[in-house]
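Residue numbers (our numbering): 477 to 603. We put the CB at the ideal spot given by N, CA and C, even for glycine. Please read all numbers here as calculations on a predicted model, not as lab measurements. One structure is given here, and the rest of the page talks about it.
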Ligand code: HEM
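Written out as structure tokens, the structure is:
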């Protein structure tokens, strides 16, 4: 049986999401496409926002929405020019982070599907 999205948090917990998001932002920091888009003065905050959102999205506590309100992710990405190349790089770095985080194998398919689908949905620019 495939794991439901809401069961992922129960399996990997805060620690799993912390490892995953840390591995992702370590890559963002030196990436020539993505790093210029992110707030250099607040990478700790950026890491907390993504981690909190993912914890909530995958069955954990809803601390993210208590602090930031409804996710409205596409709207929140409006200020950033996200084209196919940016989307593909984001997914590539998250795939590498999934490998580095060494999560239990059952957790990977639901996370991977969400990342691929949502990143495509975030595209808001052609070039
Ligand atoms: C699976 C796809 C994605 C998810 C789940 C996601 C999630 C998030 C979340 C939760 C935030 C913080 C929103 C807030 O509370 O203000 C955020 C911010 C941001 N995202 Fe994404 N994102 C995705 C794809 C992308 C892509 C493809 C790009 C660029 C190519 C991108 C660039 C950014 C930037 C620059 C920020 C601002 C950093 C911050 O201050 O939090 N995101 N994203």
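Would you call residue i buried or exposed, if buried means 16 or more other Cβ atoms sit within 10 Å of its Cβ?
i: residue 480; result: exposed
i: residue 563; result: buried
i: residue 536; result: buried
i: residue 586; result: buried
i: residue 484; result: buried
i: residue 520; result: exposed
According to the Cβ coordinates, are residue i and residue j closer than 9 Å?
i: residue 628; j: residue 526; result: A query on residue 628 cannot be resolved here, the shown segment of the chain reaching from 477 to 603 and no further.
i: residue 598; j: residue 549; result: yes
i: residue 487; j: residue 576; result: no
i: residue 572; j: residue 499; result: yes
i: residue 540; j: residue 523; result: no
i: residue 518; j: residue 565; result: no
Closest to residue i by CA distance: which of the options is it?
i: residue 492; options: 507, 584, 603; result: 584
i: residue 590; options: 570, 545, 560; result: 570
i: residue 509; options: 567, 483, 518; result: 567
i: residue 561; options: 512, 515, 603; result: 603
i: residue 482; options: 515, 551, 534; result: 534
i: residue 494; options: 592, 547, 579; result: 579
i: residue 490; options: 538, 505, 600, 511; result: 538
Segment contact flag, the segment 555-564 with the segment 521-534, C-beta cutoff 8 Å, min 3 pairs: no
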